[in-house]
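J.:
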Amino acid sequence: MADRFNYQELGLKVGLEIHRQLDTKKLFSPVPSEFSDEVDFTFRRRLRPTISELGEIDPAALEEFKKGRTYIYEGNYELTDLVYMDEEPPHMPDEEALKVSLQISYLLNATPVDEVHFMRKIVIDGSNVSGFQRTAIIAMNGRVDTPWGSVGIPTICLEEDACRIVERKDKEVIYRLDRLGIPLVEIATTPDIHHPEQAKVVAKYIGDALRATRRVKRGLGTIRQDLNVSIKGGARVEIKGVQELDMIPVIIEREIERQLSLLKIRDELRERGAKPEDIKEEFHDVTEIFQNTSSKIIARAIKKGGKVLAVKLPKFRGLIGREIQPGRRLGTEMADRAKKYVRGIFHIDELPNYGITELEVNAVVEKLGLGEEDAFVLVAAEEDTAKKALREVLQRAREAIEGVPEETRRALPDGNTQYMRPLPGKARMYPETDIPPILITDEIKEEILANLPELPQERVERYVKEYGIDRSLAETLVNDERDELFEELVEKGAKPSLAASILVVVLKGLKKEVPIENITDEHIREAFELYLNGKIAKEAFEEIFKELAKNPEKSAAQVAEERGLTLLSEEEVEGIIDEVIQQNIEVIRAKGMGAMGMVMGRAMARLRGRADGKLVSSLVRKKIQEAIS
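Per the numbering used here, the sequence shown starts with residue 236, numbered consecutively.
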């Protein structure tokens with residue numbers, strides 16, 4: 236497929252940041268890294284930005300503080316201790332987490348540091364009780380080789396994960412403490428990626444190296460991929476929360492489209508003579524115009540004692556409504572900025588609409604003294620809140636005249652992105668004084684190197700050679716992270732071809748019928764144990780998994796018993812086949828062995844899952860031959 240853009244001409248630069256949870260205890264206390272909805276206690280905090288060791292305040296931290304939020308933390312005694320309530324100093328880092336992060340470093344061709352020094356990174360969005368996250372560089376100067384060229388990995392860090400959000404309200408956020416402190420490996424690449432597909436290849440390789448350790452967590456939320464994207468004339472934009480590998484190229488192309496559109500808007504604004512200093516903080520009270528409005532949003536705000544305020548945006552008419560990504564406009568970006576204060580804004584390019592009439596629009600235009608190229612933006616809210624929201628709109632308008640603002644954005648499911656906060660600066664790091672430096676000795680390095688795990692592609696080759704299974708089955712096992720369970724089942728006595736087929740073909744075949752995500756590894760182990768002990772036939776797996784997907788609280792043995800899937804004795808099987816033969820004796824005498832398929836089908840309709848297919852086939856053949864003779 237032809238490329239959508241000329242990426243070289245655009246000067247596309249992409250860097251990746253990949254975060255993956257490790258499956259060990261928490262990083263700074265001997266607490267299990269598990270989730271629980273059981274709440275034993277809650278407490279409340281307010282967080283404030285602090286000055287870094289450079290004497291500066293981070294702009295992202297300052298913006299979070301301006302939101303004026305209170306944070307409520309929920310925890311239970313089993314998964315939370317005083318360390319993660321910020322009431323006790325951290326313990327020394329978990330040794331297993333350190334070793335796994337060193338393994339990952341070597342798999343990515345990086346050089347471990349000689350001493351690990353933990354730092355504090357200011358985070359005051361409430362996701363860390365202390366107001367900072369502990370992080371340390373583990374290795375440097377790694378690389379990933381791709382068909383487009385080599386991509387550098389300047390740093391591999393080990394840090395603690397944040398709390399998980401339970402509920403977000405206007406001025407209050409509720410967090411659960413169970414995720415806080417789970418070890419997290421952060422891998423950052425250089426901006427040497429110059430093609431969207433190259434970014435996907437690099438992300439997959441890094442993901443493969445992480446999975447190779449078999450000590451990373453699986454499932455939704457255990458891996459987070461962030462993108463840093465820029466083009467010539469644009470700006471570096473950080474896109475957070477890219478969950479799916481296949482969405483990486485889509486999101487990069489949508490960001491290219493957004494930046495190109497913003498650059499065109501900038502050029503048109505400059506051609507019209509727009510200047511940032513002309514965007515003035517002048518709020519016009521237009522409440523009187525909307526006293527009898529049909530707009531429910533505005534009428535509701537006025538009824539509550541609010542006001543309708545408007546600001547003038549010189550030279551912006553027709554550009555606020557300009558599409559910059561599918562379904563998103565410059566006006567959407569302004570609204571995203573204002574959302575910390577109000578639910579939405581109104582601008583001239585989308586009016587009349589939403590109950591606002593043309594007469595009302597014309598009245599606002601006249602009151603503000605707008606020219607043909609000028610625009611306005613309206614907000615209906617309590618006066619102080621409306622002014623705060625409109626200040627955000629004015630700032631975004633000034634940035635539009637400059638071009639593309641540097642910022643952190645959130646990845647949306649459709650590939651578009653949404654404003655989150657300003658791009659963090661370097662003023663959010665300062666030393667961690669509670670944890671002494673940790674020596675990474677030559678002995679530790681030699682031990683890690685001597686026990687490096689095989690990479691997924693190496694594992695695929697081994698499965699094909701050692702177990703004789705089809706390459707596509709082997710690749711799917713490894714890519715779907717079923718390989719560890721596969722080896723466990725084979726070790727217990729399952730034939731490799733059967734184990735691979737059940738884990739790949741049978742389970743994937745059920746995906747459209749039932750929620751297979753409810754089928755746990757323990758369910759699969761139980762079903763195989765029944766099969767290996769001669770209690771069920773291999774044909775029973777599908778029916779058992781169907782029922783377990785609908786009722787995951789049941790066991791495989793319980794389902795087999797309830798659904799009559801336990802194996803019959805050979806005598807019982809022979810008796811059922813005799814009945815089928817007698818019911819179809821005329822057809823058998825007429826067709827002879829040609830009736831084999833019909834008889835086999837009717838026998839299996841009664842015996843499927845309760846008898847081995849080979850046994851049924853052997854007995855059917857024998858009984859037909861007896862009937863003919």
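Idealized CB from N, CA, C, for every residue including glycine. Computed from a predicted model, the values in this text were never measured in an experiment.
Between the C-alpha atoms of Ala-447 and Leu-690, what's the straight-line distance to the nearest angstrom?
T.: In a straight line, the C-alpha of Ala-447 is about 5 angstroms away from that of Leu-690.
J.: Per DSSP, which residues does Pro-418 bridge with? Please list them.
T.: Glu-395, per the DSSP bridge assignment.
J.: Report back the beta-carbon spacing between Val-628 and Val-612 to the nearest angstrom; my notes put them in contact at under 8 angstroms.
T.: Sure, about 5 angstroms apart at Cβ, within 8 angstroms.
J.: Mind listing, in chain order, the continuous alpha helix (DSSP H) runs of no fewer than 4 residues lying wholly within the segment 577-606?
T.: Correct list: 593-603.
J.: To the nearest whole angstrom, what separates the beta carbons of Glu-395 and Arg-369, a pair I think is in contact under 8 angstroms?
T.: The Cβ separation is near 5 angstroms, so the contact holds.
J.: Along the beta strand (DSSP E) that carries Pro-657, what are the first and last residues, could you check?
T.: Run containing Pro-657: 652-657, per the beta strand (DSSP E) assignment.
J.: Buried or exposed, going by whether 16 or more other CB atoms sit within 10 Å of the CB of Pro-865?
T.: In this structure the chain extends from 236 to 864, so residue 865 is not present and cannot be described.
J.: Mind checking who Lys-223 pairs with in its DSSP beta bridge?
T.: This structure cannot settle anything about residue 223, because the visible part of the chain is limited to 236 through 864.
J.: Taking only three categories from DSSP, how would you classify Lys-746?
T.: It is coil, neither helix nor strand.
J.: Which residues in the same chain have their Cβ closer than 7 angstroms to the Cβ of Glu-378, if we skip the five residues on either side of it in sequence?
T.: Looking at the sequence shown, residue 378 is not Glu but Arg. So the qualifying residues of the chain are Asn-344, Ser-385, Val-386, Gly-387 and Ile-388.
J.: For the beta strand (DSSP E) containing Phe-525, name the first residue and the last one.
T.: Careful: Phe-525 lies outside any beta strand (DSSP E) and carries neither H nor E.
J.: Along the chain, where does the alpha helix (DSSP H) containing Ile-816 start, and where does it finish?
T.: It spans 805-818 - the alpha helix (DSSP H) in which Ile-816 sits, taken as one unbroken run.
J.: Report buried or exposed for His-352, applying the criterion of at least 16 other Cβ atoms within 10 angstroms of its Cβ.
T.: Its Cβ having fewer than 16 others within 10 Å, His-352 is exposed.
J.: Quick check: what's the CA-CA separation for Glu-278 versus Glu-761?
T.: Looking at the sequence itself, residue 278 is Phe, so the reference to Glu does not match. Roughly 42 angstroms between the two C-alpha positions.
J.: Where do the N-terminal and C-terminal ends of the beta strand (DSSP E) with Ile-409 fall, by residue?
T.: Run containing Ile-409: 407-411, per the beta strand (DSSP E) assignment.
J.: Helix, strand or coil for Lys-547? Go by DSSP, reduced to three states.
T.: Three-state DSSP puts Lys-547 in a strand.
J.: One question on the structure: do Gly-310 and Asp-275 come within less than 8 angstroms of each other, judged by their Cβ atoms?
T.: Yes, the Cβ-Cβ distance between Gly-310 and Asp-275 is below 8 angstroms.
J.: Taking all protein chains shown into account, decide if Met-828 is buried (16 or more other Cβ within 10 angstroms of its Cβ) or exposed.
T.: Exposed.
J.: Can you tell me which residues form a DSSP beta bridge with Gln-459?
T.: The question names Gln, but residue 459 is Arg in the sequence shown. Bridge partners of Arg-459: His-254.
J.: Indicate whether His-519 and Leu-603 have their beta-carbon atoms separated by less than 8 angstroms.
T.: Yes, Cβ-Cβ distance for His-519 and Leu-603 is below 8 angstroms.
J.: When the Cα of Glu-693 is compared with those of Asp-443, Glu-797 and Leu-333, which residue comes out closest?
T.: That would be Asp-443, whose Cα lies nearest to the Cα of Glu-693.
J.: Jot down the residue ranges of each uninterrupted beta strand (DSSP E) in the segment 466-496, minimum 3 residues, whole runs only, in chain order.
T.: Taking only runs of at least 3 residues, the beta strand (DSSP E) segments lying wholly in the segment 466-496 are 472-477.
J.: My output table needs one value for Lys-356: the three-state DSSP class, helix, strand or coil.
T.: DSSP places Lys-356 in strand when its eight states are reduced to three.
J.: Looking at C-alpha atoms only, which residue of Ala-374, Pro-324, Arg-304 and Asp-380 is the closest neighbour of Ser-865?
T.: The question about residue 865 has no answer here: the residues shown for the chain are numbered 236 through 864.
J.: Using a Cβ-Cβ distance under 8 angstroms, would Phe-276 count as near chain B?
T.: The structure shown contains no chain B; it is built from a single protein chain.
J.: What does Tyr-199 pair with, by DSSP beta-bridge criteria?
T.: Look at the range of the chain in this structure, 236 to 864, and you will see that residue 199 is not part of it.
J.: Could you tell me how far apart the beta carbons of Gly-476 and Ala-646 are, in whole angstroms, since I believe they sit closer than 8 angstroms?
T.: Indeed they touch by this definition, with Cβ atoms about 5 angstroms apart.
J.: Per DSSP, which one or two residues make a beta bridge with Ala-646?
T.: Beta-bridge pairing links Ala-646 to Thr-652.
J.: Could you have a look at Ser-385 and say whether DSSP puts it in helix, strand or coil?
T.: Reduced to three states, the DSSP call for Ser-385 is strand.
J.: Do Leu-712 and Leu-738 have their CB atoms nearer than 8 angstroms?
T.: Yes.
J.: Could you check which residue in Thr-652, Ser-707, Ile-779 and Pro-787 has the C-alpha nearest to that of Gly-562?
T.: The residue with the shortest Cα to Cα distance from Gly-562 is Thr-652.
J.: In the DSSP assignment, find the unbroken beta strand (DSSP E) run with Ile-559 in it and report its ends.
T.: Counting along the chain, the beta strand (DSSP E) containing Ile-559 begins and ends at 558-560.
J.: Check whether the Cβ atoms of Tyr-576 and Ala-624 lie closer than 8 angstroms to each other.
T.: Cβ atoms of Tyr-576 and Ala-624: closer than 8 angstroms.
J.: Starting from Phe-611, follow its DSSP beta bridges and name the residues at the other end.
T.: The partner list for Phe-611 (beta bridge, DSSP) reads Lys-547.
J.: Tell me the residue span of the alpha helix (DSSP H) that contains Met-664.
T.: Run containing Met-664: none in the alpha helix (DSSP H); it sits in the beta strand (DSSP E), 664-666.
J.: Can you list, in chain order, the residues of its chain with a C-beta nearer than 8 angstroms to that of Val-822? Leave out the 5 residues immediately preceding and following it.
T.: Hits under 8 angstroms: Ala-830 and Met-833.
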